[in-house]
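A.B. asks: Each residue of the sequence shown is one higher than the one before, starting from 993 at the first, in the working numbering.
Positions of the beta carbon are idealized from the N, C-alpha and C atoms, including for glycine.
Since we're looking at a predicted model, the values are computed, not measured.
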Amino acid sequence: MSSIEQLCQGQPEWEKHCEQLQSASTLSQMVQIGLQMGLFLARKLIEQELEQRAQQPMNWDNCSLCGTKLQSKGWQSRKMETLVGKIEWQRRVGRCRKGCPKSLSIPLDEAIGIKPHQSGSEELMRLGCLLSIIMPYELASWILGQWSGLSISASTLWNWVQIKGQEAQADLEAQLQAQASGEECEIEFLEASLATLSLAISADGVMVPFRPTPHSPKGKTLWQEIKVGILARLGSRISKAGERLPQLLHHRVVAVLGNIDEFIPRIRLEARKQSFESAPGVIWLSDGGRGFWRSNCNYENDYYSQAKAR
Ligand SMILES: [Zn+2]
């Protein structure tokens, strides 16, 4: 691996930052410039690592259509927006000697887990989606820029939320299908300190405003009920006055725009993932809504009677 000098010296962007750092007057300015230098260095290190991996000798696969060995068609450049800024690298691209359609193969892209038309790397998409969930896209785009000068447009964020939303939806559907056919689901790992606490499960319906026509703000607000379930471990903490106060830990949320029959399998799936069967106690909290009681009473181990028994 190269030293900082080898990576950065003579690079106009780095030299400019060095001058800016020396002439900065306030600490805040120094931090801002220091951050840019750190990001610049991060980009250079990543690009260098990718370059080294791209140089490795390569065994080409066979064409999936005709079985002929693929051959290198030379080097192509790839760009990607990441959490540390835009990076660019070169990698080998291969194709079937017989020119079969869709035989394009880019082993390095596959090895590092990037898809053909992906414009942002996973960690950046994750942060962009998280921000977009809690604030409008324009604001999320601006906030991302505040961290390091990243420039991700609101429409790109919108696209990322669609992509990740569809992936999450497909993943959930697959898990629900597996549950319906009696398969075991993957239990979420719990620290021992959490696993020994009781699990509380609560469900209710909340009214949420929707647009009456997709992609348009026009028309009268449409209120629809979302069924929400919250699962949490019942912990406690000691206040400054020495009093023991209840504390909800390890929250998990289930929500669905749909009826109780769509809600029940979802809350059951999450209850299984949260190891309700091995929890020392399970407490079910719900108000009137009769349907919600069905979501627990059909269990072999009835939450409610368990909670009463303890
Ligand atoms: Zn072929």
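Please classify Thr1148: does DSSP put it in a helix, a strand, or coil?
C.D. replies: DSSP places Thr1148 in helix when its eight states are reduced to three.
A.B. asks: From Leu1136 to Ile1144, what distance separates their C-alpha atoms?
C.D. replies: About 7 Å.
A.B. asks: Strictly by DSSP, which residues pair up with Gly1303?
C.D. replies: One cannot answer for residue 1303 here, as it falls past the ends of the chain, which runs 993 to 1302.
A.B. asks: For the stretch 1170-1250, which segments carrying the beta strand (DSSP E) assignment without a break, of at least 3 residues, lie completely within its bounds, in sequence order?
C.D. replies: Fully enclosed beta strand (DSSP E) runs of 3 or longer: 1191-1202, 1214-1230, 1236-1249.
A.B. asks: CB Lys1265 to CB Ile1193, shorter than 8 Å?
C.D. replies: For Lys1265 and Ile1193, no; Cβs fall outside 8 Å.
A.B. asks: What is the DSSP secondary structure of Cys1055, reduced to helix, strand or coil?
C.D. replies: Note: Cys1055 maps to coil in three-state DSSP.
A.B. asks: Would you give the residue range spanned by the beta strand (DSSP E) that Arg1070 belongs to?
C.D. replies: Its beta strand (DSSP E) spans residues 1062-1074.
A.B. asks: Apply the 10 Å Cβ neighbour rule to Gln1028 and answer buried if 16 or more other Cβ atoms are within range, or exposed otherwise.
C.D. replies: Classification for Gln1028: buried.
A.B. asks: What's the C-alpha gap between Asp1253 and Val1198?
C.D. replies: Each residue's alpha carbon lies about 16 Å from the other.
A.B. asks: Within the continuous alpha helix (DSSP H) that includes Lys1078, where are the two ends?
C.D. replies: Unbroken run through Lys1078 is the beta strand (DSSP E), 1077-1088; no alpha helix (DSSP H).
A.B. asks: Taking the continuous alpha helix (DSSP H) assigned at Ile1275, which residues delimit it?
C.D. replies: Note, Ile1275: premise wrong, no alpha helix (DSSP H); beta strand (DSSP E) at 1274-1278.
A.B. asks: Measuring from each Cβ to the nearest heavy atom of ligand 1, keep the ones under 6 Å and list them in chain order.
C.D. replies: Qualifying residues come out as Cys1055, Leu1057, Cys1058, Thr1060, Cys1088, Lys1090, Cys1092, Ser1095.
A.B. asks: First and last residue of the alpha helix (DSSP H) that includes Glu1306?
C.D. replies: In the structure displayed, the chain extends from 993 to 1302; residue 1306 sits before or after that span and is not available.
A.B. asks: Could you compute how far the alpha carbon of Gly1157 sits from the alpha carbon of Met1127?
C.D. replies: C-alpha separation (whole angstroms): 16 Å.
A.B. asks: What separation, rounded to the nearest whole angstrom, lies between the Cα atoms of Val1246 and Met993?
C.D. replies: Looking at the two C-alpha atoms, the distance is approximately 46 Å.
A.B. asks: Contact defined as beta carbons within less than 8 Å: I believe Leu1096 pairs with Arg1087. What is the distance between those atoms, to the nearest angstrom?
C.D. replies: Their Cβ separation, rounded to whole angstroms, is 6 Å, which keeps Leu1096 and Arg1087 in contact under 8 Å.
A.B. asks: Are the beta-carbon atoms of Leu1223 and Ala1263 separated by less than 8 Å?
C.D. replies: In this structure, Ala1263 lies closer than 8 Å to Leu1223 by Cβ.
A.B. asks: Identify the residues that DSSP records as bridge partners of Gly1112: which are they?
C.D. replies: Gly1112 is bridged to Glu1073.
A.B. asks: Quick test of the definition: if touching needs 3 or more C-beta pairs under 8 Å, does the stretch 1103-1119 touch the stretch 1067-1075?
C.D. replies: Touching, yes.
A.B. asks: Pro1201: which of Thr1213, Ala1195, Ser1190, Ala1160 sits nearest, CA to CA?
C.D. replies: Measuring from the Cα of Pro1201, the nearest candidate turns out to be Thr1213.
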